[in-house]
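To start, the structure under review is shown below, and the notes come after it.
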Amino acid sequence: MKVIRTVKELQKQIKDLHLSPVGLVPTMGALHKGHLSLVRNAITQCPLVVISIYVNPTQFNDKKDLKNYPRDIQSDLDLLRKVTRKDDIIFIPDDKEIYPVEDKRIFHFGNLDNVMEALHRPGHFNGVAQVVGRLFDIVKPDVAYFGMKDFQQIAVIKELVRQYKYNVKIVGNPIIREPDGLAMSSRNRLLEPEMRKKVPLIYKTISSASGMIHKNTISEIRNYVRGTIEKANGLHVEYFEIVDDTKLKPVSTRREMKKGNRYYGCIAVQAGKIRLIDNIEFPLV
1 MKVIRTVKEL
11 QKQIKDLHLS
21 PVGLVPTMGA
31 LHKGHLSLVR
41 NAITQCPLVV
51 ISIYVNPTQF
61 NDKKDLKNYP
71 RDIQSDLDLL
81 RKVTRKDDII
91 FIPDDKEIYP
101 VEDKRIFHFG
111 NLDNVMEALH
121 RPGHFNGVAQ
131 VVGRLFDIVK
141 PDVAYFGMKD
151 FQQIAVIKEL
161 VRQYKYNVKI
171 VGNPIIREPD
181 GLAMSSRNRL
191 LEPEMRKKVP
201 LIYKTISSAS
211 GMIHKNTISE
221 IRNYVRGTIE
231 KANGLHVEYF
241 EIVDDTKLKP
251 VSTRREMKKG
261 NRYYGCIAVQ
271 AGKIRLIDNI
281 EFPLV
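Structural data, given as C-alpha coordinates:
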(Lines of atoms letter the chains of each structure in order from A and count residues from 1; the text may use other names and numbers.)
(Lines give C-alpha, C1' and ligand atoms only; values in the text may rest on other atoms or scores of the structure.)
Protein backbone atom coordinates (compact mmCIF):
# COMPACT_ATOMS: atom_id res chain seq x y z
CA MET A 1 0.00 0.00 0.00
CA LYS A 2 1.05 3.59 -0.52
CA VAL A 3 0.66 6.36 2.08
CA ILE A 4 -0.03 9.74 0.49
CA ARG A 5 -0.68 13.05 2.20
CA THR A 6 -1.29 15.57 -0.60
CA VAL A 7 -4.03 15.93 -3.19
CA LYS A 8 -1.50 16.53 -5.96
CA GLU A 9 0.41 13.33 -5.29
CA LEU A 10 -2.79 11.32 -4.84
CA GLN A 11 -4.22 12.41 -8.16
CA LYS A 12 -0.92 11.71 -9.93
CA GLN A 13 -0.81 8.19 -8.49
CA ILE A 14 -4.40 7.45 -9.51
CA LYS A 15 -3.70 8.74 -13.03
CA ASP A 16 -0.42 6.82 -13.37
CA LEU A 17 -1.90 3.53 -12.13
CA HIS A 18 -4.77 3.84 -14.63
CA LEU A 19 -6.87 1.20 -12.87
CA SER A 20 -10.66 1.04 -12.94
CA PRO A 21 -13.04 0.98 -11.18
CA VAL A 22 -11.61 3.08 -8.33
CA GLY A 23 -13.09 2.45 -4.89
CA LEU A 24 -13.15 4.97 -2.04
CA VAL A 25 -13.49 4.14 1.66
CA PRO A 26 -13.76 7.42 3.61
CA THR A 27 -12.87 7.07 7.32
CA MET A 28 -11.99 9.26 10.28
CA GLY A 29 -9.44 6.75 11.53
CA ALA A 30 -9.50 4.85 14.83
CA LEU A 31 -10.13 1.88 12.59
CA HIS A 32 -11.80 -1.37 13.67
CA LYS A 33 -13.19 -4.53 12.06
CA GLY A 34 -16.14 -2.60 10.68
CA HIS A 35 -13.83 -0.37 8.64
CA LEU A 36 -11.80 -3.38 7.53
CA SER A 37 -14.97 -5.04 6.24
CA LEU A 38 -15.53 -1.96 4.05
CA VAL A 39 -11.97 -2.18 2.74
CA ARG A 40 -12.25 -5.92 2.05
CA ASN A 41 -15.52 -5.40 0.20
CA ALA A 42 -13.99 -2.61 -1.88
CA ILE A 43 -10.96 -4.76 -2.72
CA THR A 44 -13.15 -7.58 -4.06
CA GLN A 45 -14.79 -5.14 -6.49
CA CYS A 46 -12.10 -2.57 -7.35
CA PRO A 47 -8.50 -3.04 -8.57
CA LEU A 48 -7.61 0.25 -6.88
CA VAL A 49 -8.95 1.36 -3.50
CA VAL A 50 -8.30 4.67 -1.78
CA ILE A 51 -8.83 4.68 1.99
CA SER A 52 -8.94 8.20 3.42
CA ILE A 53 -8.18 8.95 7.06
CA TYR A 54 -9.30 12.44 8.01
CA VAL A 55 -11.10 13.75 11.10
CA ASN A 56 -13.32 16.34 9.47
CA PRO A 57 -13.81 19.38 11.75
CA THR A 58 -16.84 20.77 9.90
CA GLN A 59 -19.11 17.85 10.88
CA PHE A 60 -18.61 18.26 14.64
CA ASN A 61 -21.21 20.50 16.21
CA ASP A 62 -19.53 19.83 19.59
CA LYS A 63 -15.89 21.02 19.58
CA LYS A 64 -15.18 18.92 22.68
CA ASP A 65 -16.25 15.85 20.72
CA LEU A 66 -13.82 16.84 17.95
CA LYS A 67 -10.98 17.24 20.44
CA ASN A 68 -11.71 13.89 22.12
CA TYR A 69 -12.24 11.90 18.92
CA PRO A 70 -9.77 8.97 19.05
CA ARG A 71 -6.74 9.22 16.78
CA ASP A 72 -4.11 6.53 16.26
CA ILE A 73 -2.63 6.72 12.78
CA GLN A 74 0.10 4.13 13.43
CA SER A 75 -2.41 1.55 14.61
CA ASP A 76 -4.61 2.36 11.61
CA LEU A 77 -1.74 1.80 9.19
CA ASP A 78 -0.78 -1.47 10.89
CA LEU A 79 -4.34 -2.76 10.44
CA LEU A 80 -4.57 -1.63 6.82
CA ARG A 81 -1.28 -3.33 5.89
CA LYS A 82 -2.96 -6.66 6.68
CA VAL A 83 -5.76 -6.22 4.14
CA THR A 84 -4.57 -3.87 1.38
CA ARG A 85 -2.59 -4.58 -1.80
CA LYS A 86 0.56 -2.89 -3.08
CA ASP A 87 -1.27 -0.36 -5.27
CA ASP A 88 -3.98 0.58 -2.76
CA ILE A 89 -3.62 4.10 -1.37
CA ILE A 90 -3.99 5.41 2.16
CA PHE A 91 -4.76 9.12 1.90
CA ILE A 92 -3.99 11.08 5.09
CA PRO A 93 -4.53 14.77 4.31
CA ASP A 94 -4.41 17.72 6.69
CA ASP A 95 -7.03 20.47 6.86
CA LYS A 96 -5.28 22.59 4.22
CA GLU A 97 -5.40 19.76 1.70
CA ILE A 98 -9.12 19.18 2.16
CA TYR A 99 -10.10 22.82 2.65
CA PRO A 100 -7.51 25.03 0.87
CA VAL A 101 -10.13 27.76 1.24
CA GLU A 102 -12.97 27.89 3.77
CA ASP A 103 -15.89 25.75 2.63
CA LYS A 104 -19.01 27.90 2.96
CA ARG A 105 -21.35 25.65 1.02
CA ILE A 106 -24.78 25.08 2.54
CA PHE A 107 -26.61 21.92 1.53
CA HIS A 108 -30.32 21.20 1.66
CA PHE A 109 -31.52 17.62 1.91
CA GLY A 110 -35.27 18.02 2.42
CA ASN A 111 -36.74 15.79 5.14
CA LEU A 112 -33.30 14.36 5.84
CA ASP A 113 -32.43 17.72 7.44
CA ASN A 114 -35.34 17.49 9.85
CA VAL A 115 -35.16 14.08 11.54
CA MET A 116 -33.06 12.10 14.02
CA GLU A 117 -29.37 13.01 13.83
CA ALA A 118 -30.06 16.27 12.00
CA LEU A 119 -32.19 17.50 14.91
CA HIS A 120 -29.72 16.48 17.60
CA ARG A 121 -26.51 17.45 15.80
CA PRO A 122 -27.17 20.75 14.02
CA GLY A 123 -24.84 21.29 11.06
CA HIS A 124 -23.46 17.74 11.22
CA PHE A 125 -24.68 16.58 7.83
CA ASN A 126 -23.70 19.82 6.17
CA GLY A 127 -20.15 19.08 7.30
CA VAL A 128 -20.45 15.47 6.12
CA ALA A 129 -21.60 16.67 2.69
CA GLN A 130 -18.71 19.15 2.53
CA VAL A 131 -16.00 16.56 3.20
CA VAL A 132 -17.56 13.74 1.15
CA GLY A 133 -18.10 16.13 -1.75
CA ARG A 134 -14.46 17.20 -1.52
CA LEU A 135 -13.28 13.57 -1.45
CA PHE A 136 -15.44 12.78 -4.49
CA ASP A 137 -13.95 15.78 -6.32
CA ILE A 138 -10.40 14.80 -5.37
CA VAL A 139 -10.50 11.02 -5.89
CA LYS A 140 -13.24 10.80 -8.54
CA PRO A 141 -14.17 7.29 -7.40
CA ASP A 142 -16.45 4.94 -9.28
CA VAL A 143 -17.72 3.34 -6.06
CA ALA A 144 -17.74 4.61 -2.45
CA TYR A 145 -18.29 2.40 0.61
CA PHE A 146 -20.00 3.37 3.87
CA GLY A 147 -21.11 1.45 6.95
CA MET A 148 -24.83 0.96 7.59
CA LYS A 149 -24.42 1.95 11.25
CA ASP A 150 -24.49 5.55 10.01
CA PHE A 151 -27.88 4.92 8.40
CA GLN A 152 -28.93 8.54 7.98
CA GLN A 153 -25.51 9.50 6.67
CA ILE A 154 -25.84 7.05 3.78
CA ALA A 155 -29.23 8.54 2.86
CA VAL A 156 -27.70 12.03 2.94
CA ILE A 157 -24.77 10.97 0.75
CA LYS A 158 -27.10 9.32 -1.78
CA GLU A 159 -29.05 12.58 -1.93
CA LEU A 160 -25.77 14.52 -2.35
CA VAL A 161 -24.88 12.27 -5.30
CA ARG A 162 -28.34 12.80 -6.81
CA GLN A 163 -28.31 16.58 -6.43
CA TYR A 164 -24.74 17.12 -7.64
CA LYS A 165 -24.85 14.37 -10.27
CA TYR A 166 -21.73 12.61 -9.04
CA ASN A 167 -20.97 9.56 -11.16
CA VAL A 168 -20.35 7.30 -8.16
CA LYS A 169 -22.17 4.26 -6.83
CA ILE A 170 -22.82 4.27 -3.07
CA VAL A 171 -22.51 0.90 -1.34
CA GLY A 172 -23.74 0.38 2.22
CA ASN A 173 -22.03 -2.40 4.19
CA PRO A 174 -23.82 -4.34 6.96
CA ILE A 175 -23.13 -3.35 10.56
CA ILE A 176 -20.26 -5.29 12.13
CA ARG A 177 -20.90 -6.09 15.79
CA GLU A 178 -18.96 -7.10 18.86
CA PRO A 179 -19.74 -10.63 20.17
CA ASP A 180 -22.21 -9.09 22.64
CA GLY A 181 -24.08 -7.26 19.87
CA LEU A 182 -22.71 -3.73 20.31
CA ALA A 183 -22.27 -2.05 16.92
CA MET A 184 -18.57 -1.49 16.30
CA SER A 185 -17.65 2.19 16.54
CA SER A 186 -14.50 4.21 17.05
CA ARG A 187 -16.25 5.77 20.04
CA ASN A 188 -16.60 2.42 21.83
CA ARG A 189 -13.03 2.66 23.07
CA LEU A 190 -13.98 5.83 24.97
CA LEU A 191 -16.68 4.07 27.02
CA GLU A 192 -16.01 3.72 30.73
CA PRO A 193 -15.70 0.03 31.77
CA GLU A 194 -18.98 -0.02 33.73
CA MET A 195 -20.82 1.63 30.85
CA ARG A 196 -19.31 -0.82 28.37
CA LYS A 197 -21.03 -3.63 30.29
CA LYS A 198 -24.41 -1.92 29.91
CA VAL A 199 -24.46 -0.84 26.27
CA PRO A 200 -25.15 -4.28 24.69
CA LEU A 201 -28.67 -3.64 25.99
CA ILE A 202 -29.17 -1.22 23.09
CA TYR A 203 -28.98 -3.84 20.35
CA LYS A 204 -30.72 -6.46 22.47
CA THR A 205 -33.66 -4.10 22.96
CA ILE A 206 -34.08 -2.93 19.36
CA SER A 207 -33.76 -6.56 18.20
CA SER A 208 -36.67 -7.49 20.45
CA ALA A 209 -38.59 -4.42 19.31
CA SER A 210 -38.27 -5.42 15.63
CA GLY A 211 -40.21 -8.59 16.44
CA MET A 212 -43.06 -6.58 17.97
CA ILE A 213 -44.07 -4.81 14.77
CA HIS A 214 -46.97 -7.16 13.91
CA LYS A 215 -48.63 -7.22 17.34
CA ASN A 216 -47.87 -3.85 18.92
CA THR A 217 -48.51 -0.23 18.02
CA ILE A 218 -45.65 2.09 17.12
CA SER A 219 -46.28 3.97 20.36
CA GLU A 220 -46.02 0.76 22.38
CA ILE A 221 -42.78 -0.17 20.64
CA ARG A 222 -41.29 3.27 21.29
CA ASN A 223 -42.26 3.08 24.97
CA TYR A 224 -40.79 -0.40 25.24
CA VAL A 225 -37.45 0.68 23.73
CA ARG A 226 -37.09 3.80 25.84
CA GLY A 227 -38.31 2.16 29.04
CA THR A 228 -36.12 -0.93 28.70
CA ILE A 229 -32.90 0.92 27.89
CA GLU A 230 -33.36 3.66 30.46
CA LYS A 231 -33.76 1.11 33.26
CA ALA A 232 -29.97 0.84 33.02
CA ASN A 233 -28.46 3.66 35.05
CA GLY A 234 -26.49 6.03 32.82
CA LEU A 235 -28.24 5.19 29.53
CA HIS A 236 -30.51 7.88 28.05
CA VAL A 237 -32.40 7.47 24.75
CA GLU A 238 -32.10 10.65 22.69
CA TYR A 239 -34.45 9.33 20.04
CA PHE A 240 -35.88 6.12 18.67
CA GLU A 241 -37.72 6.30 15.35
CA ILE A 242 -39.02 3.79 12.82
CA VAL A 243 -38.37 5.25 9.38
CA ASP A 244 -38.41 4.29 5.70
CA ASP A 245 -35.01 3.70 4.12
CA THR A 246 -35.01 6.59 1.62
CA LYS A 247 -36.66 9.74 2.93
CA LEU A 248 -36.33 8.56 6.57
CA LYS A 249 -39.82 9.77 7.34
CA PRO A 250 -40.79 8.55 10.85
CA VAL A 251 -43.98 6.50 11.04
CA SER A 252 -46.45 6.86 13.89
CA THR A 253 -48.86 4.02 12.95
CA ARG A 254 -48.45 0.64 11.27
CA ARG A 255 -50.90 1.74 8.55
CA GLU A 256 -48.26 4.15 7.28
CA MET A 257 -45.87 1.27 6.58
CA LYS A 258 -46.31 0.19 2.95
CA LYS A 259 -45.51 -3.29 1.71
CA GLY A 260 -42.61 -3.22 -0.70
CA ASN A 261 -40.82 -0.53 1.32
CA ARG A 262 -38.14 -1.22 3.91
CA TYR A 263 -38.24 0.23 7.41
CA TYR A 264 -35.58 0.56 10.08
CA GLY A 265 -35.62 1.33 13.77
CA CYS A 266 -32.94 3.97 14.38
CA ILE A 267 -31.70 4.92 17.83
CA ALA A 268 -29.27 7.27 19.54
CA VAL A 269 -28.30 6.66 23.16
CA GLN A 270 -26.21 8.76 25.49
CA ALA A 271 -24.09 6.23 27.41
CA GLY A 272 -22.46 8.26 30.15
CA LYS A 273 -20.30 10.75 28.26
CA ILE A 274 -20.38 8.83 24.96
CA ARG A 275 -23.11 8.98 22.35
CA LEU A 276 -23.89 5.78 20.42
CA ILE A 277 -26.13 5.12 17.43
CA ASP A 278 -27.53 1.88 16.01
CA ASN A 279 -30.29 0.59 13.77
CA ILE A 280 -32.06 -2.58 12.74
CA GLU A 281 -34.54 -3.49 10.03
CA PHE A 282 -38.21 -3.83 11.02
CA PRO A 283 -39.40 -6.42 8.47
CA LEU A 284 -43.05 -6.32 7.45
CA VAL A 285 -43.11 -9.97 6.34
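Under the numbering used here, the residues of the sequence shown are numbered 1 to 285, in order.
Quick reminder that beta carbons are idealized off the backbone N, C-alpha and C, glycines included.
- Task: Along the beta strand (DSSP E) that carries GLU178, what are the first and last residues, could you check?
- Result: Element bounds for GLU178: n/a, residue is neither H nor E.
- Message: Here's the rule: buried if 16 or more other CB atoms are within 10 angstroms of the residue's CB, otherwise exposed. What is THR217?
- Response: exposed
- Put GLU194 into one of helix, strand or coil per three-state DSSP. Residue state, collapsed to three classes: helix.
- Query: So which of GLU230, PHE60, VAL49 has the shortest CA-CA distance to ALA129?
  - Reply: PHE60
- Item | Buried/exposed call for TYR164, threshold 16 Cβ in 10 Å | exposed
- Query: Within 10 angstroms of its Cβ, does LYS231 collect 16 or more other Cβ (buried), or is it exposed?
  - Reply: exposed
- Item | Contact set for LYS149: own chain, Cβ-Cβ below 6 Å, skip 5 residues either direction | ILE175, ALA183
- When DSSP builds the beta bridges, which residues end up paired with CYS266? GLU241, ASN279
- Query: Do you know offhand how far ASP180's Cα is from ILE206's?
  - Reply: 14 Å
- Would you check if there are 3 or more beta carbon pairs closer than 8 Å linking the region 142 to 157 to the region 112 to 130? yes
- Task: Could you tell me the distance, in whole angstroms, from the CA atom of ASP245 to the CA atom of GLY260?
- Result: For ASP245 and GLY260, the distance between alpha carbons rounds to 11 Å.
- From GLY147, VAL269, LEU135, residue whose alpha carbon lies closest to that of ALA42: GLY147
- Query: Measuring CB to CB, does VAL25 end up less than 8 Å from LEU38?
  - Reply: yes
- Item | Cβ pair ILE92, MET1 closer than 8 Å | no
- Message: Less than 8 Å between C-beta atoms, sequence neighbours within five positions excluded: which residues of the same chain meet that for PRO70?
- Response: These residues qualify, in order along the chain: GLY29, ALA30, SER186, ARG187, ARG189, LEU190.
- Task: Kindly indicate which residue of VAL243, MET212, VAL3, SER20 has the alpha-carbon position closest to the one of ILE53.
- Result: VAL3
- Query: Is the region 99 to 107 in contact with the region 218 to 225, if contact means three or more CB pairs nearer than 8 Å?
  - Reply: Fewer than three Cβ pairs drawn from the region 99 to 107 and the region 218 to 225 lie within less than 8 Å of each other, which leaves the two stretches out of contact.
- Could you spell out where the alpha helix (DSSP H) holding GLY173 opens and where it closes? Correcting the residue identity first, residue 173 is Asn in this sequence and not Gly. Run containing ASN173: none in the alpha helix (DSSP H); it sits in the beta strand (DSSP E), 169 to 173.
- Task: Would you kindly report the start and end of the unbroken alpha helix (DSSP H) that includes PRO200?
- Result: Element bounds for PRO200: 200 to 210.
- Per-residue DSSP class, three states only, for HIS236: strand
- Message: Going by DSSP in three states, PHE91 sits in which element: helix, strand or coil?
- Response: strand
- Residues near VAL131 by beta carbon distance below 8 Å, same chain, minus five either side: Only residues of its own chain outside the window of five on either side were considered, and among them PRO26, TYR54, ASN56, THR58, GLN59, ILE98 have a CB closer than 8 Å to the CB of VAL131, listed in chain order.
- For my contact list, MET257 and TYR264 are in at a C-beta cut-off of 8 Å; report their separation, rounded to the angstrom. MET257 to TYR264, Cβ: 11 Å. No contact.
- Query: Given a threshold of 16 other Cβ atoms within 10 Å of its Cβ, counted over all protein chains shown, does LEU19 qualify as buried or as exposed?
  - Reply: exposed
- Have a look at the DSSP bridge pairing and note the partners of LYS2. ILE89.
- Query: Which residues bound the beta strand (DSSP E) around PHE146?
  - Reply: 143 to 147
- Message: Quick test of your reading: ASN68 and LYS247, contact by CB under 8 Å. State the CB separation rounded to the nearest angstrom.
- Response: The distance from the Cβ of ASN68 to that of LYS247 is about 33 Å, inconsistent with a contact at the 8 Å cut-off.
- Is it right to say HIS214 is buried, meaning 16 or more other beta carbons lie within 10 angstroms of its own, or is it exposed? exposed
- Length of the line joining the Cα atoms of ILE157 and ILE170: 8 Å
- Item | Which listed residue (HIS236, VAL50, PRO283) has its alpha carbon closest to that of ILE267 | HIS236
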